[in-house]
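Read the structure below first, then the notes.
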Amino acid sequence: MKRVFPILGILTAILLSYALYEALVVAPTEQTMGNVQRIFYYHVPSAWTAFLLFLINFIASVVYLVRRNPVADVIALVTAEVGVVFCTVVLVTGPLWARPVWGIWWTWDIRLTSTLVLWLIYIAYLMLRRFSTSGQTPVLAAALAVFGALDVPLVYFSIWIFRTQHPQPVIGGGGSIDPVMLHVLLINWAAFLCLAALVCWSRYRLEMLQREVEQAQAQESLVAPRGAR
Amino acid sequence: MNFLYAAYTATWIIHITYLASLFRRYKRLRKEIEELKK
C-alpha cells in the first residue's frame, strides 16, 4: 500500500500535465471567445468533480445516520472538505471567465447564486465539524449534509429549468461541442478525478490517524492521574 | 490571455494551498504521536 500511493501520485501528475498541454495547445481556439474559453477545461471538470464528491458525501451521511458507521462519517467529512476545494475553484474560475466574456465579474443569476449557496452550506458543514464539541456533532453534520445535497440538483438543472445568463450545457442539453474540445474536456475531468481520489485518500488516512491519536490521548489522560499517585 | 493564465494559476494555488495544509496537519500529528510515545 505504501508503494501504491507514490506510483498513483506520479501517474496523476503525468495525467494532469498532459491534460494541461491538451487544454492549452491541442484544443482548438473558440471563434467568438478566443483563448479565454479554455478556462472551461478547468471550470467544468472542477464543477463535475465537486458534484460527485458532494453526492458521495450525501450517501455517506445517509449511511451514517442509518448505521452510525464511523467509516461513513470519515468519508463524509473527507468528501465535503475536498468538494469545497473543487467548488472554490469553480467560484474563482467562473468570474475570471465572465469578466472578459460578459463584461462583469458576477451576476445574481440562479446558477451562480445556487453554486455560491452550495459552497456556503458545505463551509457551514466544515465549521460545524471543526468547532462543535458536542458528542452529537457527526449526527448534526450528517443531517446538514443531507439538506445541503438537495442544492446539488438545483445547481445542476438550474440552466435547464430557468432562463439564465450562464451558458447552456454542452453535453446532454441540446448544445453541441467540437469532438476535440469534448476529448480535452474529458481528459481534464479524468485528471481532476484522479487528483480528487488521491487527495481524498490522503485526507482519509490523516483523519483516521488523528482519531487514533485522540483516542490514545484520552486513554492517557485517564491513566495519568493514577500513575501520578 | 491574462484571464486564462489567472484562472489556471488560481486553480493550482487553491489545490497547492490545500495540500500544504494537509501536510502541516500531518506534521503536527507526527509530533503528537512522538510525544505520546515518550
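So the protein sequences, as listed, match chains Z and F.
Counting with our numbering, you get residues 1 to 229 for the letters of the first sequence.
Counting with our numbering, you get residues 1 to 38 for the letters of the second sequence.
Where a beta carbon is used, it is the ideal one built from N, C-alpha and C, also for glycine.
Computed from a prediction, not measured in an experiment: that's the story for all the values here.
Pick from N57(Z), Q210(Z) and Q217(Z): whose alpha carbon is nearest that of L126(Z)?
-> In the first sequence, the residue the question calls residue 126(Z) occupies position 126. Nearest option by C-alpha distance: N57(Z).
Taking 8 Å as the cut-off, decide whether the C-beta atoms of A19(Z) and M181(Z) are in contact.
-> Here residue 19(Z) corresponds to residue number 19 of the first sequence, with the count starting at 1. Here residue 181(Z) corresponds to residue number 181 of the first sequence, with the count starting at 1. For A19(Z) and M181(Z), no; Cβs fall outside 8 Å.
Can you tell me which of the three DSSP states G135(Z) falls into?
-> The residue labelled residue 135(Z) in the question sits at position 135 within the first sequence. Residue state, collapsed to three classes: coil.
Buried versus exposed, by CB contacts within 10 Å (16 or more), A124(Z) = Within the first sequence, the letter at position 124 stands for residue 124(Z). Under this definition A124(Z) is an exposed residue.
Out of L185(Z), V78(Z) and R111(Z), point me to the one whose CA is closest to G94(Z)'s CA.
-> For the purposes of this step, residue 94(Z) is taken as residue 94 along the first sequence, with counting starting at 1. Answer by Cα proximity: R111(Z).
Hey, would you say Y8(F) sits closer than 8 Å to Y42(Z), going by beta carbons?
-> Position 8 of the second sequence, counting from 1, holds the residue named residue 8(F). Position 42 of the first sequence, counting from 1, holds the residue named residue 42(Z). Contact flag set, yes.
Continuous alpha helix (DSSP H) assignments of at least 4 residues falling wholly in the region 142-177 of chain Z = 151-161
In terms of residue numbering, what span does the alpha helix (DSSP H) encompassing K27(F) cover?
-> For the purposes of this step, residue 27(F) is taken as residue 27 along the second sequence, with counting starting at 1. K27(F) -> alpha helix (DSSP H) spans N2 to K37.
Are the C-beta atoms of A20(F) and some chain Z residue less than 8 Å apart?
-> Locating residue 20(F) in the second sequence gives position 20, counting from the first residue. Not an interface residue.
Please name the residues in the region 179-192 of chain Z whose beta-carbon is closer than 8 Å to at least one beta-carbon of chain F, in chain order.
-> none
Identify, in the order they occur along the chain, each residue of the same chain with its Cβ nearer than 6 Å to the Cβ of V89(Z), setting aside the five sequence neighbours on each side.
-> Position 89 of the first sequence, counted from the first residue, corresponds to residue 89(Z). Taken in chain order, the residues that qualify are S46.
Below 9 Å between beta carbons is the criterion; list the residues of the region 1-25 of chain Z that meet it against any residue of chain F, in chain order.
-> L20, A23 and L24
L22(F) and L206(Z): beta carbons closer than 8 Å?
-> Counting from one through the second sequence, the residue named residue 22(F) turns up at place 22. Counting from one through the first sequence, the residue named residue 206(Z) turns up at place 206. Going by C-beta atoms, L22(F) is nearer than 8 Å to L206(Z).
Mind pulling the chain Z residues with CB within less than 7 Å of R25(F)?
-> Your numbering for residue 25(F) matches position 25 in the second sequence. Near R25(F) (Cβ distances below 7 Å), the residues of chain Z are L206.
Could you tell me whether any Cβ in chain Z is nearer than 8 Å to the Cβ of E34(F)?
-> Along the second sequence, read from residue 1 onward, the residue named residue 34(F) stands at position 34. With 8 Å as the cut-off, E34(F) does not count as an interface residue toward chain Z.
Looking at C-beta atoms only, is the number of pairs between the region 1-18 of chain Z and the region 65-74 of chain Z that lie closer than 8 Å three or more?
-> no
For H166(Z), collect the residues of the same chain with a Cβ closer than 7 Å to its Cβ; drop the 5 residues on either side in sequence, then sort them by chain order.
-> Reading the first sequence from its first residue, position 166 is the one you call residue 166(Z). Result list for H166(Z): D109, R111, L112 and I159, in chain order.
Roughly how many whole angstroms lie between the Cα atoms of T29(Z) and A23(Z)?
-> Here residue 29(Z) corresponds to residue number 29 of the first sequence, with the count starting at 1. Here residue 23(Z) corresponds to residue number 23 of the first sequence, with the count starting at 1. Between T29(Z) and A23(Z), the C-alpha separation is close to 10 Å.
Are the C-beta atoms of A50(Z) and some chain F residue less than 8 Å apart?
-> Stepping through the first sequence from its first residue, residue 50(Z) is reached at position 50. So, not an interface residue.
Around the Cβ of Y122(Z), are there at least 16 other Cβ atoms within 10 angstroms (buried) or fewer (exposed)?
-> The residue you call residue 122(Z) lines up with position 122 of the first sequence. Classification for Y122(Z): buried.
If you follow the alpha helix (DSSP H) that T107(Z) is part of, which residue opens it and which one closes it?
-> Within the first sequence, the letter at position 107 stands for residue 107(Z). Run containing T107(Z): none; DSSP gives neither H nor E here.
Tell me, please, whether the CB atom of E220(Z) is closer than 8 Å to any CB atom in chain F?
-> Position 220 of the first sequence, counted from the start, is the residue given in the question as residue 220(Z). Yes, E220(Z) lies at the interface with chain F (some Cβ there is under 8 Å from its Cβ).
Among I75(Z), V66(Z), R163(Z) and T49(Z), nearest to C87(Z) - alpha-carbon criterion = Along the first sequence, read from residue 1 onward, the residue named residue 87(Z) stands at position 87. Selected option, being the one with the closest Cα: T49(Z).
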